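What follows is one structure encoded as structure tokens, with my remarks underneath.
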DNA sequence: TACACTCGAGCAATCGTTTACGTGGCGCGG
DNA sequence: CCGCGCCACGTAAACGATTGCTCGAGTGTA
């Protein structure tokens, strides 16, 4: 029963069953053209020897691997891991496996991953990245690609599933303004992804719409990679120490917002009494934090689902809409009460 | 420059360069046996036409795919996503891609994934699961497997990289006892993984070691899948409502612990004054929670690194140690202050 | 009896690589 | 001048599957 070494091949099955390899293939794929008796014999051999088809060979022949690639900036971030989880599940349900690539916002790494994925001949790619140098990938064998959440500026006619970041930025900022904030800081990383930039634009629009000036001192940019919340915590601590005055914070995402909450607490600044804070993503961090974080809710499950549908559609050669914008909404909690 | 449709094949490169396909192969792999002039000509054609080798074909021929499979229970949990991130990076550094499979603690799903991975002829599998029905996978083509963190009871001679869960359970419980707790609840999911069970055994050993009885009413088992913290929160709320008396909680992981913290707060029970809480994993949730959570620190990065090394070693046909136990330590924070 | 048709099955090409082996030309030593 | 060896390269057989084509035997019909 147990295989001694190598997995058994189709030819061995054929030999053991005393039929041709073509017949085995037909039986396996239920194509007909074989007798009931032959079917039983073949299936018995398959069962007894634990034959499992070699997808590498199949993929070579059929020019499709039933594998898709997924490029993610940081799977450690709740938003992205939720996205990845849902996408993986959606693809699995359709018979696809998912190769995961964590590019850590590193363009070079991302490009290397892209080459690898093409080389593996994935059937499609879900890309969450604003960095990919794009002249390249069209050359790189025109694999179907769908951007989800993040996308680069020059993304030609590549479809994307994004959330309404501009509106999210506006919602968050206006909410702070309504609560009486007049000096609202914007905390962000250095991102080339348009989706992230749009949050900043929404912020500025909201300020302008209410006659507030966008003080450059209130734009707090995190250097380096935004990992966990530690960097945000330290950066904000430095800003506080430098004496910059503010009464509201809009953070590009919940991880940064949580870092801000901790820095504020460290400095003895009360939230929401002294400073109100709004995050982005409405991830698990927002519910865990104290005070619970007001955050712009997005729908990673929905985005994953749509992204998956779009990509599959593309793979099947259908037309798809270029831009699919998922709405956002504000989840109000204690941090702006 | 841009490819019209299909990626170009090696034969086309050969034709364009006016050499045989064998020569192209030799140039690409730097095997020698070609002139400098030929090399230049071939490389020029490759460059100009954006040739990228087909790994499916290569894999078929070489009987290795440079892909490894990873079965994870819940990539949404910070501990596992950190593990996955590190593993993916470690493998990528060695030229391997990672297929990610989220089995959601579902045995059936896990087994299906296993078959798929075998079918894809992955070179090895990192498995974080206590569920796999194991008689199967030895049959399933004896691919190298390494268990990380979780492993099933009957895991024959499959190597594993685990943390010292028993000691972790004891550390956590003894810490609570030292802080004066006498009625300590243990919150867990229903897990067949030995690693999880060991935490409970450590808990019981610690109790027994201090002459405390293990009250069955204090063993709080979560039904269903433990996703996020909501279920723990609700379950503990019910326990509180039912009037069970306790002054300490040891939770199987941080997600459950955070749910407990929230339920306690909902019920107006103070932490640590009325009830002290210890989690497991020392994940990001522990630092974010208020009060900050005392937790058994584990080292997912280290575990991922070791797991990766072990698997690669196995793939290369070397012997490896069967059990690699990574120590744990207690990170004391406010929830037990 | 002859013919057409169907059914079950095999043959062989093909996908894109790698690699063992064969081969022609050239240089060089004897 | 002959022969040997090496260099640079080509030929072809794999790897494990799919699939169009062929083919023989059996059946039904006229």
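Chains as they are written, first to last, in my numbering: chain A, 1 to 337; chain B, 1001 to 1337.
Ideal Cβ placement from N, Cα and C applies to all residues, glycine included.
Nothing here was measured: the structure is a model prediction, and the numbers come from that model.
1) Can you look up residue 1207 of chain B in the DSSP assignment and give me helix, strand or coil?
2) What do you get for residue 1338 of chain B, buried or exposed, if any count of 16 or more other CB atoms within 10 angstroms of its CB means buried?
3) With a threshold of 16 other CB atoms inside 10 Å of the CB of residue 1327 of chain B, please say whether the residue is buried or exposed.
4) Out of B:1164, B:1154, B:1213 and B:1192, which has the shortest C-alpha to C-alpha gap to residue 1181 of chain B?
5) In the DSSP assignment, what are the bridge partners of residue 339 of chain A?
6) Using DSSP's beta-bridge definition, name the partner residues of residue 160 of chain A.
7) Does the CB of residue 1311 of chain B have a neighbour CB from chain A at under 8 Å?
8) Report yes or no: is there a C-beta of chain A within less than 8 Å of the C-beta of residue 1318 of chain B?
9) Chain B partners of residue 88 of chain A, CB-CB under 9 Å?
10) Strictly by DSSP, which residues pair up with residue 186 of chain A?
11) Excluding the five sequence neighbours on either side, which residues of its own chain have a C-beta within less than 6 Å of the C-beta of residue 299 of chain A, listed in chain order?
12) Is any heavy atom of the ligand HEM found at a distance shorter than 7 Å from the C-beta of residue 79 of chain A?
13) Counting C-beta neighbours from all protein chains within 10 Å, is the total for residue 88 of chain A 16 or more, i.e. buried, or is it exposed?
14) Could you tell me how far apart the beta carbons of residue 26 of chain A and residue 18 of chain A are, in whole angstroms, since I believe they sit closer than 8 Å?
15) For the segment 40 to 74 of chain A, enumerate the residues whose C-beta is nearer than 9 Å to any C-beta of chain B, in chain order.
16) Terminal residues of the continuous alpha helix (DSSP H) containing residue 240 of chain A?
17) Select from the segment 1105 to 1123 of chain B all residues with a C-beta closer than 9 Å to any C-beta belonging to chain A, and list them in chain order.
18) Which residues of the segment 1232 to 1255 of chain B have a Cβ closer than 7 Å to any Cβ of chain A? Give them in chain order.
19) For a contact defined as C-beta to C-beta under 7 Å, what are the partners of residue 1085 of chain B on chain A?
20) Comparing alpha-carbon positions, which option in B:1278, B:1266 and B:1238 lies nearest residue 1255 of chain B?
21) Which ranges would you report for the alpha helix (DSSP H) in the segment 36 to 66 of chain A if only whole runs of at least 4 residues count?
22) Using a C-beta cutoff of 8 Å, does residue 1289 of chain B count as contacting chain A?
23) Can you pull the chain B neighbours of residue 82 of chain A, defined as C-beta to C-beta under 8 Å?
24) Could one say the Cβ of residue 275 of chain A lies closer than 8 Å to chain B's Cβ atoms, at least one of them?
25) Check the Cβ-Cβ distances between residue 131 of chain A and every residue of chain B, and say whether any is below 8 Å.
26) Would you decide whether residue 190 of chain A is buried or exposed? Buried here means 16 or more other CB atoms lie within 10 Å of its CB.
27) Could I get the ranges of all uninterrupted alpha helix (DSSP H) runs contained in the segment 80 to 116 of chain A, with 4 residues as the minimum, in chain order?
28) What's the call for residue 1223 of chain B, buried or exposed, on a 16-neighbour Cβ count within 10 Å?
29) Rounded to the nearest angstrom, what separates residue 275 of chain A and residue 177 of chain A at their Cα positions?
30) For residue 1013 of chain B, return the contacting residues in chain A, with the cut-off set at a CB-CB distance below 7 Å.
31) Report all residues from its chain with a CB closer than 6 Å to the CB of residue 1042 of chain B; omit the five preceding and five following residues, and keep chain order.
32) In chain order, what residues of the same chain have a beta carbon less than 8 Å from the beta carbon of residue 331 of chain A, not counting five sequence neighbours either side?
33) State the DSSP-derived secondary structure class of residue 1260 of chain B, mapped to helix, strand or coil.
34) Give me the Cα-Cα distance between residue 14 of chain A and residue 1318 of chain B, rounded to the nearest whole angstrom.
35) Strictly by DSSP, which residues pair up with residue 70 of chain A?
36) Does DSSP put residue 1334 of chain B in a helix, in a strand, or in coil?
Short version:
1) Position 207 of the second chain, counted from the first residue, corresponds to residue 1207 of chain B. Looking at residue 1207 of chain B - three-state DSSP - the assignment turns out to be helix.
2) The shown model of chain B, from 1001 to 1337, leaves out residue 1338 of chain B, and the question about it has no answer.
3) The residue you call residue 1327 of chain B lines up with position 327 of the second chain. The Cβ neighbour count for residue 1327 of chain B, taken over all protein chains shown within 10 Å, is under 16; the residue is labelled exposed.
4) Position 181 of the second chain, counted from the first residue, corresponds to residue 1181 of chain B. For the residues B:1164, B:1154, B:1213 and B:1192, the minimum Cα distance to residue 1181 of chain B belongs to B:1213.
5) The question about residue 339 of chain A has no answer here: the residues shown for chain A are numbered 1 through 337.
6) Residue mapping note: residue 160 of chain A aligns to position 160 of the first chain, counting from 1. Its beta-bridge partners are A:147 and A:323.
7) As a working mapping, residue 1311 of chain B is identified with position 311 in the second chain. Residue 1311 of chain B does not count as touching chain A.
8) Reading the second chain from its first residue, position 318 is the one you call residue 1318 of chain B. Chain A, which has no Cβ nearer than 8 Å to the Cβ of residue 1318 of chain B, makes this no.
9) Translated into the one-based positions of the first chain, residue 88 of chain A becomes position 88. Within chain B, the residues near residue 88 of chain A are 1075, 1100, 1101 and 1102.
10) Residue 186 of chain A sits at position 186 when you count from the first residue of the first chain. The partner list for residue 186 of chain A (beta bridge, DSSP) reads A:219 and A:250.
11) Mapped onto the first chain, residue 299 of chain A falls at position 299. Result list for residue 299 of chain A: 326, in chain order.
12) This structure simply doesn't include the ligand HEM, nor any ligand for that matter.
13) Position 88 of the first chain, counted from the start, is the residue given in the question as residue 88 of chain A. It is buried - the Cβ of residue 88 of chain A has at least 16 other Cβ atoms within 10 Å.
14) Numbered from its first residue, the first chain carries residue 26 of chain A at position 26. Numbered from its first residue, the first chain carries residue 18 of chain A at position 18. Residue 26 of chain A to residue 18 of chain A, Cβ: 15 Å. No contact.
15) 50, 52, 53, 54, 55, 56, 57, 58, 59, 60, 63, 65, 66, 67, 69, 70 and 74
16) Taking the first residue of the first chain as 1, we reach residue 240 of chain A at position 240. Looking at the DSSP string, the run of the alpha helix (DSSP H) that includes residue 240 of chain A is 230 to 241.
17) 1109, 1112, 1113, 1115, 1116, 1117, 1118, 1119, 1120 and 1121
18) none
19) In the second chain, counting from the first residue as 1, residue 1085 of chain B sits at position 85. Chain A residues near residue 1085 of chain B: 75, 76 and 102.
20) Counting from one through the second chain, the residue named residue 1255 of chain B turns up at place 255. Closest by alpha carbon: B:1278.
21) As far as the segment 36 to 66 of chain A is concerned, its whole alpha helix (DSSP H) runs of at least 4 residues are 36 to 49 and 55 to 62.
22) On the second chain, position 289 is the one that residue 1289 of chain B refers to. For residue 1289 of chain B, the answer is yes, since a Cβ of chain A falls inside 8 Å of its Cβ.
23) Indexing the first chain from 1 puts residue 82 of chain A at position 82. Here the neighbours are 1076.
24) Translated into positions along the first chain, residue 275 of chain A becomes position 275. Answer no: the Cβ-Cβ gap between residue 275 of chain A and chain B never drops below 8 Å.
25) Position 131 of the first chain, counted from the first residue, corresponds to residue 131 of chain A. So no, residue 131 of chain A is outside the interface.
26) Indexing the first chain from 1 puts residue 190 of chain A at position 190. Per the 10 Å Cβ criterion, exposed.
27) none
28) Taking the second chain and counting its residues from 1, one reaches residue 1223 of chain B at position 223. Exposed: under 16 other Cβ atoms inside 10 Å.
29) Locating residue 275 of chain A in the first chain gives position 275, counting from the first residue. Locating residue 177 of chain A in the first chain gives position 177, counting from the first residue. One C-alpha to the other measures close to 12 Å.
30) Counting from one through the second chain, the residue named residue 1013 of chain B turns up at place 13. The premise fails here: residue 1013 of chain B is roughly 14 Å from chain A at the closest Cβ pair, so nothing lies under 7 Å.
31) Your numbering for residue 1042 of chain B matches position 42 in the second chain. Here the set comprises 1017, 1024 and 1027.
32) Taking the first chain and counting its residues from 1, one reaches residue 331 of chain A at position 331. A distance below 8 Å between beta-carbons, with the five flanking residues on each side excluded, links residue 331 of chain A to the following residues of its chain, in chain order: 282, 286, 294, 295, 296 and 297.
33) For the purposes of this step, residue 1260 of chain B is taken as the residue at position 260 of the second chain. DSSP places residue 1260 of chain B in helix when its eight states are reduced to three.
34) Indexing the first chain from 1 puts residue 14 of chain A at position 14. Indexing the second chain from 1 puts residue 1318 of chain B at position 318. Their backbone Cα atoms lie some 34 Å apart in a straight line.
35) Position 70 of the first chain, counted from the start, is the residue given in the question as residue 70 of chain A. Answer is A:100 and A:126.
36) Start at 1 with the first residue of the second chain, and residue 1334 of chain B comes out as number 334. Helix.
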